[in-house]
Structures are given as C-alpha cells and as structure tokens.
Ligand code: FES
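In the numbering used here, the protein residues as written are 11 to 104.
In structure tokens, the structure reads:
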C-alpha cells in the first residue's frame, strides 16, 4: 500500500502513514492539536494550511471547496477532516 510522509511543521514531527489517511486522524494520533468540530466538512474549525505537497493530497470535494470559500480560507488551506494524503511528501502548518 502506498505511504505518505506528513510533516507537522510547528510540532517538528514527520510521520509515515498509509495513503488515504485523513489529516485529522494523523493529528489526533500524534497530538498535533488541529482543532475540529463536526468532522464532516461543515464547520470549518479544522482548517489547516498546507506548506507543500498539495499535489499529494486528495482534491477538494465540492463541499470542502464551498465551506473553505465561505470562510475565506486561502488557496493552500484544507479541511483536515476531509483532506486525505495520497503519497509522497506533505508539509502542513500544525
Ligand atoms: S471538523 Fe468540521 S469541517 Fe472539519
């Protein structure tokens, strides 16, 4: 199974996880502290900035895109409860 290396910049930790894992699951497991609420892509409380490796993540769904836009999130922001890592290297601001 493909793996992804995900670096949490503020925490200073890189972990290797199976492709398909959502950012929020990784954050919870290692204690990176990304806050969340609904876990369903609706409340926007889990927004996290992606420093690099956006091409190694799942595309934004229509719902994620809408919620991020409504909350004036930036181009490099993702909802951690929705975004899945697909492989390669990814760095997030958390
Ligand atoms: S936890 Fe609500 S949008 Fe991610």
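For glycine and all other residues, C-beta sits at the position ideal for the given N, C-alpha and C.
Give me, in chain order, the residues of the same chain whose beta-carbon lies closer than 6 Å to that of residue 99; leave out the 5 immediate sequence neighbours on both sides.
Closer than 6 Å at the Cβ level, and outside the excluded window around residue 99, lie 15, 63.
At least three beta-carbon pairs within less than 8 Å, the segment 76-90 to the segment 46-65:
Touching, yes, given that three or more Cβ pairs across the two stretches are closer than 8 Å.
List the whole-angstrom C-beta distance separating residue 27 from residue 95, where the pair is believed to meet the contact cut-off of C-beta under 8 Å.
Right, their Cβ atoms sit about 6 Å apart.
Whose CA, out of 29, 34, 30, lies closest to the CA of residue 59?
Comparing Cα positions, the closest option is 34.
Pop quiz: residue 103 and residue 20 are said to be a contact at Cβ under 8 Å. What is the actual Cβ separation, rounded to whole angstroms?
Going by Cβ atoms, the distance from residue 103 to residue 20 rounds to 7 Å, so yes, they are a contact pair.
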